[in-house]
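Input: a single structure, listed below in structure tokens.
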């Protein structure tokens, strides 16, 4: 799909679209003009809060407390290149910090189970006994972090 208009106004490129959407309030209904397989379509959508897809890790379990997890943000250098869950924030001195997790790390698997969403992480943590083995992507490096 190629987005060609927003609310009837032509869109010249991705930065145009990003800027126009950034000026809209959460909850605003929009209409996108698309090109799909050479045909023009219109799609209706509602602007959502980008932070709505993140959760404090306390919901995920004590081992990850102190971290806020979320979907990989569009401006993350690995967006679209890897699957996983982004560490949006880590409180200094928390269990997550002490284990080695850092802001902008990407958790690719929990206990060797691939994760692509917050629900995947919650399910994997829920199935774990006392420890978590996280496969974490930090920049171009991949590392394992064991949290007991």
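In this note's numbering, the protein residues as written are 1 to 148. Backbone N, C-alpha and C fix where the C-beta goes; we use that ideal spot for every residue, glycine too.
In terms of CA proximity to residue 28, 6 leads the group 107, 6 and 34. When only Cα atoms are considered, residue 30 and residue 72 end up about 23 Å apart.
Residue 87 carries a strand assignment under DSSP once its states are collapsed to helix, strand and coil. One Cα belongs to residue 90, the other to residue 102, and the distance between them is close to 6 Å. Around the beta-carbon of residue 86, 16 or more other beta-carbon atoms lie within 10 Å, marking it buried. Sixteen is the threshold: when 16 or more other Cβ atoms of the shown chains lie within 10 Å of the Cβ of residue 66, as they do, the residue is buried. In the three-state reduction of the DSSP assignment, residue 148 falls in the coil class, being assigned neither a helical nor a strand state. Contact check for residue 110 and residue 132: beta-carbon distance about 6 Å, within the 8 Å limit, so the pair qualifies. Between residue 47 and residue 84, the C-beta spacing is not below 9 Å. Sixteen is the threshold: when 16 or more other Cβ atoms of the shown chains lie within 10 Å of the Cβ of residue 124, as they do, the residue is buried. By the neighbour-count criterion, in which a residue is buried when 16 or more other Cβ atoms sit within 10 angstroms of its Cβ, residue 35 is exposed. If you ignore the 5 residues before and after residue 17, its C-beta comes within less than 8 Å of the C-beta of 3, 6 and 11, all in its own chain and listed in chain order. Taking 3 residues as the minimum length, the beta strand (DSSP E) runs contained wholly in the stretch 71 to 134 are 85 to 90 and 106 to 110, in order along the chain. Within a 10 Å sphere around the beta-carbon of residue 45 sit fewer than 16 other beta-carbons, which makes this residue exposed.
The closest CA to that of residue 140, considering only 117, 121 and 81, is found on 81.
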